[in-house]
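Trainee: Below you'll find the structure I mean.
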Amino acid sequence: MMNKIKKVRILLGMTQKDVAKQIGVTQAMYSMIENGKRKPSKKTAAKIEELFGISLFFVD
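Each residue of the sequence shown is one higher than the last, beginning at 2 in the working numbering.
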């Protein structure tokens, strides 16, 4: 799932830092989420979904 959010982020022309700032986490935390080292909280997942306009349920 998380590798796919990386693809979406890149398609949108955003950096990890851009996304992290907009969803309210550090760049390091977002990197861990994107690389599958940490699962996002429900709140963070909802912010990612809203920002990217996707449902993480269907990304897996």
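C-beta: ideal position from N, C-alpha, C; glycine also.
For arginine 39, is the beta carbon positioned less than 7 Å from some heavy atom of the ligand NAD?
Mentor: For the structure depicted, the ligand NAD is absent and the ligand set is empty, with no information on it obtainable.
Trainee: Please classify glutamate 35 as buried or exposed, where buried requires at least 16 other C-beta atoms within 10 Å of its C-beta.
Mentor: Classification for glutamate 35: buried.
Trainee: What's the gap between the Cα of glutamate 50 and the Cα of leucine 57?
Mentor: About 6 Å.
Trainee: Hey, valine 9 and phenylalanine 53 are a contact pair by Cβ (cut 8 Å); roughly how many whole angstroms apart?
Mentor: Indeed, because the Cβ distance is near 5 Å, the residues count as touching under 8 Å.
Trainee: Using the rule of at least 16 other Cβ atoms within 10 Å of the residue's Cβ for burial, across every protein chain shown, is isoleucine 24 buried or exposed?
Mentor: By the neighbour-count rule (16 or more Cβ atoms within 10 Å), isoleucine 24 is buried.
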